[in-house]
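Number of protein chains: 2
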Amino acid sequence: MSREGLDPIFSPTSIAVIGASRHRAKIGYAVLRNLIVNEYQGTLYPVNPKATSIHGIRTYPSVLSIPDPVDLAIISVPAEVALAAVEECGKKGVPGLVVITAGFREVGGAGIEREERLLALCRQYRMTMIGPNCMGVINTDPEVRMDATFAPTPPLRGDISLVSQSGALGIAILDHAKSLGIGFAKFCSLGNKAQVSLNDLLAMWQDDGQTKTILAYIENFGNPVNFVRIARDVTKRKPIIAVKSGRSEAGSRAAVSHTGSLGGSDLAAEAVFNQTGVLRANSIEELFDNAMAFSLQPLPRGNRVAVVSDAGGPAIMCVDELVAQGLRLAELDAGTVEFMRTWAPPEASLRNPIDLTPQASLDDYRRALDAVLRDDAVDAAIAIYVPPVRVDEVEVARAIWQTAAQRGKPVLCNFLGRTEESPGFAELVKHSVPSYLFPESAARALGGMYRYAKYRAREDGETRTFPVDRKRAAGILRRAQDEGRTRLRDAEALDVLDAYGIRIARSRFVADVDPLPAAAKDIGYPVVLKATGPGLVHKTDLRAVILDVRTEKDLLEGATQVRDRLREARTAFDGYVVQEFVRGGKEVILGMTRDKVYGPFLVFGLGGIYVEYLKDVAFGLPPLTDRDARRMIESIRTYPLLEGVRGEPPSDVDALVDAVLRLSQLVLDFESIQEIDLNPVVALRKGDGYRAVDARIVLGPDVKPPHPPGPEEGAHSSIQTPSGSTT
Amino acid sequence: MSREGLDPIFSPTSIAVIGASRHRAKIGYAVLRNLIVNEYQGTLYPVNPKATSIHGIRTYPSVLSIPDPVDLAIISVPAEVALAAVEECGKKGVPGLVVITAGFREVGGAGIEREERLLALCRQYRMTMIGPNCMGVINTDPEVRMDATFAPTPPLRGDISLVSQSGALGIAILDHAKSLGIGFAKFCSLGNKAQVSLNDLLAMWQDDGQTKTILAYIENFGNPVNFVRIARDVTKRKPIIAVKSGRSEAGSRAAVSHTGSLGGSDLAAEAVFNQTGVLRANSIEELFDNAMAFSLQPLPRGNRVAVVSDAGGPAIMCVDELVAQGLRLAELDAGTVEFMRTWAPPEASLRNPIDLTPQASLDDYRRALDAVLRDDAVDAAIAIYVPPVRVDEVEVARAIWQTAAQRGKPVLCNFLGRTEESPGFAELVKHSVPSYLFPESAARALGGMYRYAKYRAREDGETRTFPVDRKRAAGILRRAQDEGRTRLRDAEALDVLDAYGIRIARSRFVADVDPLPAAAKDIGYPVVLKATGPGLVHKTDLRAVILDVRTEKDLLEGATQVRDRLREARTAFDGYVVQEFVRGGKEVILGMTRDKVYGPFLVFGLGGIYVEYLKDVAFGLPPLTDRDARRMIESIRTYPLLEGVRGEPPSDVDALVDAVLRLSQLVLDFESIQEIDLNPVVALRKGDGYRAVDARIVLGPDVKPPHPPGPEEGAHSSIQTPSGSTT
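First to last, the sequence lines map onto chains A and B.
Quick note on numbering: the first sequence equals residues 746 to 1472 in the working numbering.
Quick note on numbering: the second sequence equals residues 746 to 1472 in the working numbering.
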């Protein structure tokens, strides 16, 4: 990246449009025209060897022939000549590039090589590049006024910035937003992300005074670990609202063929969003709804909402959605209700939700909204208005925004039965009150604001590094790899965990029957006897486990039985394990899967046969803080069982948090570990810890880390990751 | 109701507007004006003793002074004089009334009595009445053209009919629909539903040739049992799409204060929708989205969808939602893909979802849509278009509807970045292709169509009546009631179930220790020993249950232990039960709760400690068909466990279906049973049935049925139920 980073791209004092054209059908025509008609405040240099002027501006045959310095070059020439143009930019000393030209990685084959050469040129000349295969960039700052896209209309000025991995979707968002009256600060179409990534944009916009809210359309994370680190910082200062496509497997596959890059598991994506406070919108519509609310209104201080309406039906629909969003109906102060009673129509229902009925006057409506906003028991209000025959909707809109402006609490609005182009809608948005077509949309947007406010208020916690026996674990893993094994032996797996301080049930592994009694005596009766060996994946199904063995006689008889059963089932085994019999407690599972894109992610859930079907599990992306680990455990629906129900004692959740953190450290230390499955872990009562009873550890064929940390790593590092084209 | 039913109200040849007014601020002014300007095809008679003409039409001092017959009277005079006006209508022989006047049940006190007198007059003179406290009715039939509301604008003509329990919401729906270009056949604001109910409207519209799709906004069901019966019939012929508010507890409470009627449990409402095939929309927006799709396009024959787009991002978002809706991406025929390959842009991705990229021409787009619609592997298509700079969006819209019209498969459209008032949107809807602002909305609407198509195709099944010992059950229940007990004894509960052929674990109840050995011998060892008595609600917690008792010695020792424990816990008990020890199998729960509004509803789920937190249960509203019962069982997420996983044998689901049906018969036979809880029921392997092991039966204080069936019951019965006012 250039020394100046992204500044030459978003705030250039001069722009060369390479491929500027006189032909309306060309992108170079549209880009130059957009820059001119939207009153770019710097100097434009069209570059075209075949023209002397375009749109009345003197044209240069090459960027090298421009007499003045150039901050930004926008490249829209065909792919075949793009590299030559880029090299000229390098020679000229142009620090910023936006490569609109397509025909790179996204077309495969020669395109991939072409993109590599493009990138090499950027490195050689220290240029910062957006694209290739993108739709351009926008900055509405009055001192810049740059619309360097070929989009049909420029956005309104505002304080939202949008970064999109799909240029077409980005432009569509700007278009629709304009019709809603929502303005933007900056826009960036990322294209193939050959150099500048989503992470770079987030890092830049974190400090951008013009940007109050960040929107993102994401198809894949180039470097999820960096994303987590950067997004975590950004969301402390301003909200990020993101749509991440590829939620379904089919959608994820479609994204692969769209971008040429893996989307990775959506479960991991969810963990990323949970840990970073990035608000995930489930649809493009939700992205809009949230963007409008965040950009126009303050965050709520709590979840107590008042609904003021002139009709009962939509108010009830609104309440249903509020509750679904984790908000609740404010219990109004008795004084507020009494005050309203003195002037409200007799038909009105003044218990929240407030239904003033169509009998209410505009003044009644205004007073009711003001009364609830003044009530200390109210954190936010939703104003619903079903326009009746006789009142001008603009007057109603005016009453609402004037009242809202005075009280410093978020107010969201729904004028039911209208369109987004109706005058009341426009009046509200123009005066900073978000307006929605439906009451449920207002409730959903308020829910998003509340979740973000809650995230901002929550404690980060600390990342801990435990003193562990890393060397011992490394030795075990290396031996297995040297022997070409991808699965650790049961004893090895428990040993690795033990080296990291994860509490395992005391175990003795023996090759034969003879040493069994001594091993059991050492552990102390009662014990569990199991056969062990690489072929024994489902020990219980094979009846190769005997619980609660109390005497030496039972132990030896059991060993014979197990051996006979396995012979009968023609299953080879290596020996026996004698294990402490852990009684009582709750069975939980703890594990790790290494995703191709996200790297390792941890799984926690309650054990038992139902879990598989009810999917009551939580995910976490290491490195986790202690708070992250606790939130992960607390987030499963059956968590109350760990707290103790029906007079049962609470389980040792602190110890489980410790286990999650140690597991996190283990999987970050060893990239070679592909999968860990601790099933079951018996959580004992508070103070008694837990015991991992069975452990499976699988090694990957490849031990190289997916994202090697290097000296260049950082906010503006532009780490190269395989990512592809988008439209 | 009048002999002619609802015909005089929806197709009157003459209308008296009682309360017609020259004052713009009066409802009577707006109603008469709407009738005139929207060109009502019959004759209008304004009634107002103080005017000689209104809007140029001769006025009558009373309905009695009108020289000609009157089909319908619309009443908007104040509540105090409304009854007199209604009585005059009765004397005049007016068969239909729409009472807009408010001030009845919804205001409580004297209003309730006034509504009763109103109803008595309707009965006396055999008049059919909509309202009171409603917003009127509409019929857009060109031979009628009646807008008898005070809504600002009349709806477009179309084939959707809307019935709303909230007048304001109804009017808002008509308003918004008009801006989308969606038309209506009939509209009815129900108001207080004093006489004509939702059920009556559904029954009428079932046979209405003008109505193709029915929409409903519902706050409470007056008579859920009738609703189930009628809706089941209607949905066989045309779709009903309903919004039911009060999903949350807070929303439900709000609905109570809105309508003065109980909303009832939302779980029961869900069961109603599942069993009737009424499509529940979760928001007003979803109601619109579905309405547009159902009214404009044919139903899909399956769930295989093709997505054709000129941009990748929105196509992926669409796929994610399609999958969430239970639809799937069609696997295109190789020939289709090859054919597209011959002319599509090289950048295009031709594997479904098809991303033609912005490089594609309009002709490419048209051909791709046509190609997938011709593919036998495709049941429906979603066309996504992100308008680029150069192509006229109306031309694109035309290409889409022209192609869609030829293939007889549903096509839904999304023009991203546009508003509902954009020309492409209008062009599509005008030519019967539903158009949405967002790709996810199109996917969701198609999901609704698919669910309805699947419902239409599913087998109803049969309602069975088992030969049972009703007399024996009745005797047990009567005895408990006579003794003032609201909970049956354990032995009685099992007896009642046994009388209805529900298979219970063999049990012997004894008052003391002495007869225990004989009882156990009779049952056959191993047995279960439990203490029994009204204070023993949580037997296991009190350790008053001993499983797997194998000898007489153990039995007697166990009885002593149980007695000592209960003494220690100071819990009284009546005696012991010795029970067959049911081994193996899966624990399920089966129960019934009698809802104040819906009456009895059945619950089925898997047993165990997790169930409480994971809420994996299904509900059913009796009477159930055998298919209903099976679908109920199959609908829980853990159903695969009953089918047998990990080599386990399948459970006897047929027997469980039988148990559900017998329970259904039991709770319909005895209104006095308030709650039944069979927990656990052990489902044995296929062929071995099941055993109910523990049963709790609670009786209600009131034995009268909530909705007494009478001679008047029927489609047009207008059963009087407590229901309230709405706006």
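The C-beta atom is built at its ideal place from N, Cα and C for all residues, glycine as well.
Note that this is a predicted model, so its numbers are computed, not measured.
Would aspartate 1078 (chain A) and aspartate 1124 (chain A) be called neighbours here (beta carbons separated by less than 8 Å)? For this step, residue 1078 (chain A) is matched to residue 333 along the first sequence. For this step, residue 1124 (chain A) is matched to residue 379 along the first sequence. No, they are not a contact pair.
Let's see if you can read the secondary structure: which residues bound the alpha helix (DSSP H) around phenylalanine 1170 (chain A)? Here the question's residue 1170 (chain A) lines up with position 425 in the first sequence. Taken as a continuous stretch (DSSP letters only), the alpha helix (DSSP H) holding phenylalanine 1170 (chain A) covers 1168-1175.
Would you list the one or two residues that DSSP bridges to isoleucine 1249 (chain B)? In the second sequence, the residue the question calls residue 1249 (chain B) occupies position 504. Answer is B:Ala1437.
Would isoleucine 1334 (chain B) and leucine 1423 (chain B) qualify as a contact pair, given that the criterion is a beta-carbon distance under 8 Å? Taking the second sequence and counting its residues from 1, one reaches residue 1334 (chain B) at position 589. Taking the second sequence and counting its residues from 1, one reaches residue 1423 (chain B) at position 678. Yes; because the gap between Cβ atoms is below 8 Å, this pair is in contact.
Starting from the Cα of alanine 1000 (chain A), find the closest Cα among B:Thr956, B:Phe1018, B:Ile1061 and give me that residue. For the purposes of this step, residue 1000 (chain A) is taken as the residue at position 255 of the first sequence. Measuring from the Cα of alanine 1000 (chain A), the nearest candidate turns out to be B:Ile1061.
Which residues, in chain order, does the segment 968-996 of chain B contribute to contact with chain A at a C-beta distance below 9 Å? Val988, Ser990, Gly991, Arg992, Ser993, Glu994, Ala995, Gly996
Under 8 Å Cβ-Cβ, which residues of chain B neighbour phenylalanine 1382 (chain A)? The residue labelled residue 1382 (chain A) in the question sits at position 637 within the first sequence. First, the amino acid is wrong: residue 1382 (chain A) is arginine here, not phenylalanine. Per Cβ cutoff of 8 Å: Tyr1358, Leu1359.
Going along chain A, which residues have a C-beta under 7 Å from methionine 1377 (chain B)? Counted from its first residue, the second sequence places residue 1377 (chain B) at position 632. Those within 7 Å of methionine 1377 (chain B) in chain A number zero; the least Cβ separation is about 17 Å.
Contact under 8 Å by Cβ, alanine 930 (chain A) with serine 906 (chain A): The sequence position of residue 930 (chain A) within the first sequence is 185, counting from 1. The sequence position of residue 906 (chain A) within the first sequence is 161, counting from 1. Cβ atoms of alanine 930 (chain A) and serine 906 (chain A): closer than 8 Å.
Beta-carbon proximity list for glutamate 1031 (chain B), same chain, < 7 Å, skipping 5 on both sides: Residue mapping note: residue 1031 (chain B) aligns to position 286 of the second sequence, counting from 1. Counting only Cβ-Cβ distances below 7 Å, and skipping sequence neighbours, we find Arg1189.
C-alpha gap between arginine 850 (chain A) and phenylalanine 1018 (chain A), whole angstroms: Position 105 of the first sequence holds residue 850 (chain A). Position 273 of the first sequence holds residue 1018 (chain A). The alpha-carbon atoms of arginine 850 (chain A) and phenylalanine 1018 (chain A) are separated by roughly 28 Å.
From glutamate 749 (chain B) to lysine 1360 (chain A), what distance separates their C-alpha atoms? Working through the second sequence from its first residue, we reach residue 749 (chain B) at position 4. Working through the first sequence from its first residue, we reach residue 1360 (chain A) at position 615. Rounded to the nearest angstrom, the two C-alpha atoms are 56 Å apart.
If I'm right that leucine 1311 (chain B) touches alanine 1276 (chain B) with Cβ under 8 Å, what's the distance once you round it to whole angstroms? Translated into positions along the second sequence, residue 1311 (chain B) becomes position 566. Translated into positions along the second sequence, residue 1276 (chain B) becomes position 531. So it is a contact: roughly 6 Å between Cβ atoms.
Could you tell me if glutamate 1185 (chain B) is buried or exposed, where buried requires 16 or more neighbouring beta carbons within 10 angstroms of its beta carbon? For the purposes of this step, residue 1185 (chain B) is taken as residue 440 along the second sequence, with counting starting at 1. By the 10 Å Cβ count, glutamate 1185 (chain B) comes out buried.
Starting from the beta carbon of proline 1098 (chain B), find every residue of chain A whose beta carbon is closer than 7 Å, and list them in chain order. Within the second sequence, numbered from 1, the residue matching residue 1098 (chain B) stands at position 353. Result: Ala999.
Hey, out of B:Glu833, B:Arg1376, B:Glu825, B:Pro1367, whose CA is closest to valine 815 (chain B)'s CA? Stepping through the second sequence from its first residue, residue 815 (chain B) is reached at position 70. If we check each option's Cα against that of valine 815 (chain B), B:Glu833 comes out closest.
Would you give the residue range spanned by the alpha helix (DSSP H) that glutamate 1388 (chain B) belongs to? Walking along the second sequence from the start, residue 1388 (chain B) turns up at place 643. Counting along the chain, the alpha helix (DSSP H) containing glutamate 1388 (chain B) begins and ends at 1384-1388.
Which listed residue (B:Pro1395, B:Leu780, B:Ile811, B:Leu1444) has its alpha carbon closest to that of glycine 1229 (chain B): For the purposes of this step, residue 1229 (chain B) is identified with residue 484 of the second sequence, where counting begins at 1. Closest by alpha carbon: B:Leu1444.
Please list, in chain order, all residues of the same chain as valine 874 (chain A) whose beta carbon is under 7 Å from its beta carbon, the five residues on each side excluded. Along the first sequence, one-based indexing puts residue 874 (chain A) at 129. In the sequence as displayed, the identity of residue 874 (chain A) is methionine instead of valine. Closer than 7 Å at the Cβ level, and outside the excluded window around methionine 874 (chain A), lie Leu842, Val844, Cys867, Ala939, Gln940, Val941.
Whether phenylalanine 1326 (chain B) touches aspartate 1293 (chain B) by CB criterion (8 Å): Stepping through the second sequence from its first residue, residue 1326 (chain B) is reached at position 581. Stepping through the second sequence from its first residue, residue 1293 (chain B) is reached at position 548. Cβ atoms of phenylalanine 1326 (chain B) and aspartate 1293 (chain B): closer than 8 Å.
Step through the CB atoms of chain B and report whether any lies within less than 8 Å of the CB of alanine 1089 (chain A). Position 344 of the first sequence holds residue 1089 (chain A). Not an interface residue.
Any beta carbon of chain A sitting closer than 8 Å to that of phenylalanine 1183 (chain B)? Here residue 1183 (chain B) is taken as the residue at index 438 of the second sequence, counted from 1. True, the Cβ-Cβ gap to chain A drops below 8 Å.
With burial defined as no fewer than 16 other Cβ atoms inside 10 Å of the residue's Cβ, what is the status of arginine 1376 (chain B): buried or exposed? What you label residue 1376 (chain B) is simply residue 631 of the second sequence in a count that begins at 1. Burial call: buried.
Listing by chain order, which chain B residues have their CB less than 9 Å from the CB of alanine 1171 (chain A)? On the first sequence, position 426 is the one that residue 1171 (chain A) refers to. Simply none; closest approach about 12 Å.
With 16 other CB atoms within 10 Å as the buried threshold, where does proline 840 (chain A) fall? Position 95 of the first sequence, counting from 1, holds the residue named residue 840 (chain A). Classification of proline 840 (chain A): buried, given that the 10 Å Cβ count is 16 or more.
I think tyrosine 1181 (chain A) touches leucine 1157 (chain A), with their Cβ atoms under 8 Å apart; what is that distance to the nearest whole Å? The residue labelled residue 1181 (chain A) in the question sits at position 436 within the first sequence. The residue labelled residue 1157 (chain A) in the question sits at position 412 within the first sequence. Tyrosine 1181 (chain A) to leucine 1157 (chain A), Cβ: 7 Å. Contact.
Chain A within 8 Å of glycine 764 (chain B), Cβ atoms only: Against the second sequence, residue 764 (chain B) aligns to sequence position 19. Answer no: the Cβ-Cβ gap between glycine 764 (chain B) and chain A never drops below 8 Å.
Partner residues on chain A for threonine 1164 (chain B), Cβ-Cβ distance less than 8 Å: Within the second sequence, residue 1164 (chain B) is the residue found at index 419, counting from 1. Within 8 Å Cβ-Cβ: His921, Ser924, Thr1164, Glu1165, Glu1166.
Are tyrosine 1435 (chain B) and leucine 1401 (chain B) close, meaning C-beta to C-beta below 8 Å? In the second sequence, counting from the first residue as 1, residue 1435 (chain B) sits at position 690. In the second sequence, counting from the first residue as 1, residue 1401 (chain B) sits at position 656. The answer is yes: Cβ separation under 8 Å.
Does the structure place the segment 1068-1075 of chain B close enough to the segment 986-998 of chain A that three or more beta carbon pairs sit under 8 Å? yes
Extent of the continuous beta strand (DSSP E) to which glutamate 1420 (chain A) belongs: Mapped onto the first sequence, residue 1420 (chain A) falls at position 675. Unbroken beta strand (DSSP E) run through glutamate 1420 (chain A): 1418-1428.
Could you name the residues of the same chain whose beta carbon sits closer than 6 Å to that of tyrosine 1200 (chain A), not counting the 5 residues immediately before and after it, in chain order? If you number the first sequence from 1, residue 1200 (chain A) lands on position 455. Once the five neighbours on either side are set aside, the close Cβ partners of tyrosine 1200 (chain A) are Gly1022.
Contacting residues, own chain, Cβ-Cβ under 6 Å from tyrosine 1197 (chain B) (five flanking each side not counted): On the second sequence, residue 1197 (chain B) is found 452 positions in, with the first residue counted as 1. Same-chain partners within the cutoff: Pro984, Leu1024.
Any Cβ of chain B within less than 8 Å of the Cβ of glycine 716 (chain A)? Given that chain A is displayed from residue 746 to residue 1472, the structure contains no residue 716 (chain A) and the question cannot be resolved.
Report yes or no: is there a C-beta of chain B within less than 8 Å of the C-beta of tyrosine 1197 (chain A)? Indexing the first sequence from 1 puts residue 1197 (chain A) at position 452. No, no contact with chain B.
Inspect the CB distances between the segment 1412-1422 of chain A and the segment 1329-1346 of chain A and report whether three or more fall short of 8 Å. yes
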